[in-house]
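Numbering (our numbering), first residue to last: 260 to 386.
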Amino acid sequence: MCCNGFRIVLMLLLVVSSFLLNSFMPIMPVVFWYFASINIFTFLLFVIDKYNSSKERARVPEISLYFFSIAGGIFGALFAIIITKHKIRKKIFLMWQSLILLIWLISIYYLLTHLEAIQKYLQWVNG
260 MCCNGFRIVL MLLLVVSSFL LNSFMPIMPV VFWYFASINI FTFLLFVIDK YNSSKERARV
320 PEISLYFFSI AGGIFGALFA IIITKHKIRK KIFLMWQSLI LLIWLISIYY LLTHLEAIQK
380 YLQWVNG
């Protein structure tokens with residue numbers, strides 16, 4: 260994962276796959292499929308990086324790990340960190356992942372506590 264363009268293409272593929280999965284199983288919203296796919300992808304990215312580090316192969320850049328955590332894969336990232344014990348000695352990395360988790364938890368809490376107002380706003384916007 261060399262550059263931002265490649266990460267953006269991967270993100271677009273995850274979004275497109277979310278819409279495709281939703282078309283096959285519309286009972287689940289697109290957002291569910293997006294978060295499921297981004298978390299699975301991020302988990303696999305961490306596992307691949309752990310494997311590559313043990314074999315002294317090319318590593319996944321930390322910026323890519325941060326990018327996919329910020330994009331919604333933080334829960335997959337944390338699960339991979341716990342399961343594989345990967346990057347647990349890097350305090351700065353864990354601090355940033357903790358900050359990303361905190362931002363996501365605050366965002367989810369805000370959305371859940373203001374869901375009615377958000378729905379009213381969306382109805383107003385749609386006419």
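The C-beta atom is built at its ideal place from N, Cα and C for all residues, glycine as well.
Along the alpha helix (DSSP H) that carries residue i, what are the first and last residues, could you check?
{"i": "residue 290", "result": "289–313"}
{"i": "residue 350", "result": "350–372"}
Rounded to a whole number of angstroms, what is the C-alpha to C-alpha distance between residue i and residue j?
{"i": "residue 369", "j": "residue 314", "result": "43 Å"}
{"i": "residue 264", "j": "residue 274", "result": "15 Å"}
{"i": "residue 328", "j": "residue 335", "result": "8 Å"}
{"i": "residue 360", "j": "residue 382", "result": "30 Å"}
{"i": "residue 317", "j": "residue 276", "result": "27 Å"}
Taking the beta carbon of residue i as the centre, do at least 16 other beta carbons fall within 10 Å, making it buried, or is it exposed?
{"i": "residue 297", "result": "buried"}
{"i": "residue 309", "result": "buried"}
{"i": "residue 345", "result": "buried"}
{"i": "residue 332", "result": "buried"}
Put residue i into one of helix, strand or coil per three-state DSSP.
{"i": "residue 317", "result": "coil"}
Cβ of residue i within 8 Å of Cβ of residue j?
{"i": "residue 339", "j": "residue 270", "result": "no"}
{"i": "residue 325", "j": "residue 292", "result": "no"}
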